[in-house]
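Student:
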Amino acid sequence: MADFDITSGERDGMGPHGTKVGLLRVLGPAHVWALGVGIVLVGEYMGWNFAVGKGGAYAALIACWFAGILYTCVAMIDSEVTSTVAAAGGQYTQAKHIVGPLMAFNVGLYLVFAYTMLEAANAITAGYLISVVATMTGYTGELDQRPFIILVIMFLAWLNYRGVLATLTFNLVITAIAFAAIIMLFLSTSGILGGGIMQHAALFEGHELPYGWIGVLASMHFGLWYYLGIEGTTQAAEEVRSPARALPFGTLAGIMTLLIAATLTWYICSGVLPWEFLGDGVNGSVAPLFDTARLSGSNALIWFLGFGTLFATLASANGCINDASRAWFAMGRDKYLPAWFGAVHPKYRTPYRAIIFLVPIALIFALGAPLDQVITFSILSGLLEYTFMPLNIILFRKKWPMGSIKRGYEHPFHPLPAIVLLTLCGITFFAVFLGYGTQLVAMIGFYIVVSLWFHFRRYRYVDRGAQFTMPWPKPQGY
Amino acid sequence: MAHYVPPKQGKFSQLIDVVVLVALTVGALFVPLWLNLAGSSKSVATPVEAPTWEALGQNTVQAAQYEALGYTPETAHDLILSRFDYSFTAGALIVMIVVIVAYYWLMLKFSESEYREVISEKFGGK
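Chains as they are written, first to last, in our numbering: chain G, 1 to 478; chain E, 479 to 604.
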């Protein structure tokens, strides 16, 4: 057993090199929960309904639960590794210590693109919502959504620039309100409080599985959207006071919250909205919970869900900026990217250069690409990341078997979660191929090209031994 | 193993690296959009002339919900009847599988050789 014990109080507050310098350690388990759920909860407010369009309402429910299994495996695996590799960068830092530099570079880019695209999708939805509110309050023209999209991204980037504690406390409050809005809509429309308006049987009649079983497979593509981003809790590893306790607790509580929220969301929306309308997130229902509230006939619910949608998009975009900038910062600190990005703000102790640099990237996609394409870019990066995770945990257990280092959390039934995760990733690749094969191949082509660029050019600037910052013993087999 | 001392990268060289990475990123994501190769679009296989809710396959509850949302049979026609085409060729599927497997193989192979250097330098003969 190594001397180093991740679970000891002695490690709390230390940076990745065992020093007291670096990002500020101020977060607790509730912030970790807020970071994970805050990023993801917007997936219940918009985007998941494309799964209905791909295969019908039942297919979306099946996809919801299978994607739930996929993400439960992700949360279990992630909790074990990140409670041991407690440093900024999350899965990037895990890959660096367990698989190797090139894999780490790729994983870092998956993280940045998954979160930046999700941030862009959130800004698009916020702009749409503001235009709907303008129409509802009497504005008759066509509202230009672009200034609001820019404002959302700039404001949240500024908040992130100023400090992580304020950012994630803000997330905690607005995420809780957005979650409460879903619960209130469920209670009000299901008949528990007052008269119910659910009509599942009549709305499904004749449209149970409009594409047959291949539609169920196709739905897995957008089924991921119910939960995409929960793995972002690991990005806070260097800023939580006690990573070994807070990270597993926050992550596992987060996935449980989302499983409940996703199922409730499907139940509420599919019982009120016809599937063709619900399933078209561009020409039909952009914000399905909000549309359901509009059909409830209650102004209070409409406003509550309107704010819920807006808060969910803000919380998600906020968390995405936090996570993408940490991954970019961590790669800069290791010189996988230009070292200029590895700077910490002298006063606010945030990765301010990474935060600022990613603002125009998010704006390019928020202003220049349609919502379903932006979501697909995010899902594809996430899917590549989830495919890496089973490989990561298998190598982690092989190189540092149980007992060789102290883990903050040990996930049960290994290697079953890894095998299930790999299988579900394979199914989701097929689902993406059914509709968006060109993007899939284009994106993997991109990763191959940048991998060659990294291996043959960029890696020369990286200090070999200094990348390994965990005080672990030598891995077995080396 | 001798300690590897990386060269110091100048500001201009750092800038070039960032520009290359951003150009590749934007290109990979936007080129399929510009070439109209992005995503499967839906289409209406058999349009209905003078549509009614019955002709569009909607029962009374479904029709009532569409009307509550502000639709008429005419305005809901494309929304209700458009469908994805999930047909594909075995060749396209095989290409996708080969690309994905080749990508991960490349990752693991290059990563392993780099990782051995890292471990060798970090731990030496210990």
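Where is the CB? At the ideal position from N, CA and C, for every residue including glycine.
(1) List the DSSP bridge partners of L27(G).
(2) Please report whether the beta-carbon of Y92(G) lies at a distance below 7 Å from any beta-carbon of chain E.
(3) When DSSP builds the beta bridges, which residues end up paired with R561(E)?
(4) In chain E, what lies closer than 7 Å to H221(G) by C-beta?
(5) Which whole-angstrom value is the C-beta distance of E80(G) and E410(G), which I expect to be below 8 Å?
(6) Could you give the DSSP three-state label for F566(E): helix, strand or coil?
(7) Quick check: what's the CA-CA separation for V21(G) versus S83(G)?
(8) I'd like to know whether the C-beta of G465(G) is nearer than 7 Å to at least one C-beta of chain E.
(9) Could you list the residues in the region 198-228 of chain G with a C-beta less than 7 Å from some C-beta on chain E, going in chain order?
(10) Would you grab the beta carbon distance between T175(G) and T313(G) for me? Rounded to a whole angstrom, and I think it's under 8 Å.
(11) Pick helix, strand or coil for D144(G), following the three-state DSSP scheme.
(12) Taking only runs that begin and end inside the region 315-385 of chain G, name each unbroken beta strand (DSSP E) of 3 or more residues, in chain order.
(13) Got a sec? Which residues, its chain only, sit under 8 Å from T135(G) by beta carbon, not counting five neighbours each side?
(14) Interface residues of chain A around F588(E) at Cβ under 8 Å?
(15) Less than 7 Å between CB atoms is the rule here; does E385(G) satisfy it with respect to chain E?
(16) With V282(G) as the anchor, note down where its alpha helix (DSSP H) starts and where it stops.
(17) Quick check on the DSSP output: the alpha helix (DSSP H) that includes D65(G) runs from which residue to which?
(18) With DSSP as the reference, label I427(G) as helix, strand or coil.
(19) Once the 5 residues before and after V40(G) are set aside, which same chain residues still bring their CB inside 6 Å of it?
(20) Does any residue of chain E bring its CB to less than 7 Å from the CB of W400(G)?
(21) E532(E) CB to nearest chain G CB: under 7 Å?
(22) If you check the beta carbons only, do L358(G) and T167(G) fall under 7 Å apart?
(23) Consult DSSP for H200(G) and reduce its assignment to one of helix, strand or coil.
(24) Quick one: Cα of Y267(G) to Cα of P346(G), how far?
(25) Taking one C-beta from the region 457-464 of chain G and one from the region 485-495 of chain E each time, how about it: are there three or more such pairs within less than 8 Å?
(26) Determine the closest residue to L310(G) out of W48(G), L102(G), L289(G) and P147(G), with distance taken between C-alpha atoms.
(27) On the premise that V496(E) lies in contact with P338(G), defined as a C-beta separation below 8 Å, what is that separation, rounded to the nearest angstrom?
(28) What are the residues of the region 255-280 of chain G that lie near chain E, defined by any Cβ-Cβ distance shorter than 8 Å?
(29) Is there at least one Cβ from chain G nearer than 7 Å to D495(E)'s Cβ?
(30) Determine the chain E residues that contact Y447(G) at a beta-carbon separation under 8 Å, and present them in chain order.
(31) Give the residues of chain E in contact with W340(G), contact being defined as C-beta atoms less than 7 Å apart.
(32) Go through its chain and collect everything with a Cβ distance to A315(G)'s Cβ below 6 Å, but skip five positions before and after it.
(33) Could you check whether Y58(G) and E276(G) sit closer than 7 Å to each other, using their CB atoms as the reference points?
(34) What span of residues does the alpha helix (DSSP H) with K489(E) cover, start to end?
(35) Do the CB positions of V522(E) and D556(E) come within less than 7 Å of each other?
(36) For a contact defined as C-beta to C-beta under 7 Å, what are the partners of I558(E) on chain G?
Tutor: According to the structure data:
(1) As a beta-bridge residue in DSSP terms, L27(G) pairs with V240(G).
(2) Y92(G) does not count as touching chain E.
(3) Residue pairing from DSSP places R561(E) in a beta bridge opposite S521(E).
(4) Those do not exist, as H221(G) stays about 10 Å from chain E at its closest Cβ, beyond 7 Å.
(5) Rounded, the Cβ-Cβ distance is 6 Å, consistent with contact.
(6) The answer is coil: DSSP assigns F566(E) none of H, G, I, E or B.
(7) Low local confidence applies: a pLDDT of 42 at V21(G) is under 50, so the model's placement there is unreliable, and no value is given.
(8) Output row for G465(G): interface = yes.
(9) Going along the region 198-228 of chain G in chain order, one finds Q199, A202, L203, E205, G206, Y211, I214 and A218 with a Cβ nearer than 7 Å to chain E.
(10) At roughly 11 Å, the Cβ-Cβ gap does not stay under 8 Å, so T175(G) and T313(G) are not in contact.
(11) Here D144(G) sits in coil by DSSP.
(12) The region 315-385 of chain G is shown to contain no whole beta strand (DSSP E) run of 3 or more residues.
(13) Taken in chain order, the residues that qualify are L143.
(14) The chain labelled as chain A is not found among the protein chains of the depicted structure, namely G and E.
(15) Judged by the 7 Å Cβ criterion, E385(G) is not in contact with chain E.
(16) In this chain, V282(G) is not harboured by any alpha helix (DSSP H), its DSSP state being neither H nor E.
(17) A small fix is needed here, since residue 65(G) is Trp in this sequence, not Asp. Element bounds for W65(G): A57 to T82.
(18) Judged by DSSP in its simplified three-state form, I427(G) adopts helix.
(19) Apart from sequence neighbours up to five positions away, the residues of its chain that approach V40(G) with a beta-carbon distance below 6 Å are Y227, G229, I230 and L258, ordered along the chain.
(20) Put simply, the CB of W400(G) is far from chain E, with every gap to its CB atoms at 7 Å or more.
(21) Output row for E532(E): interface = no.
(22) It is not a contact, given that the beta carbons lie outside the stated cut-off.
(23) Helix, per DSSP.
(24) C-alpha separation (whole angstroms): 48 Å.
(25) Three or more Cβ pairs drawn from the region 457-464 of chain G and the region 485-495 of chain E lie within less than 8 Å of each other, which places the two stretches in contact.
(26) Ranking W48(G), L102(G), L289(G) and P147(G) by Cα distance to L310(G) puts L289(G) first.
(27) P338(G) to V496(E), Cβ: 6 Å. Contact.
(28) Only V272, L273, P274, E276, F277 and D280 from the region 255-280 of chain G bring a Cβ to less than 8 Å from some Cβ of chain E.
(29) Yes, D495(E) counts as interfacial toward chain G.
(30) Ordered by position in chain E, the residues that pass the 8 Å Cβ test against Y447(G) are Y581.
(31) Residues of chain E passing the Cβ test: Q492.
(32) So the qualifying residues of the chain are G38, N171, I174 and T175.
(33) No, the pair does not count as a contact, with Cβ atoms beyond the cut-off.
(34) Judged by DSSP secondary structure, K489(E) falls within the alpha helix (DSSP H) whose first and last residues are K489 to W512.
(35) Yes, the Cβ-Cβ distance between V522(E) and D556(E) is below 7 Å.
(36) Close partners of I558(E) in chain G (Cβ separation under 7 Å): E276.
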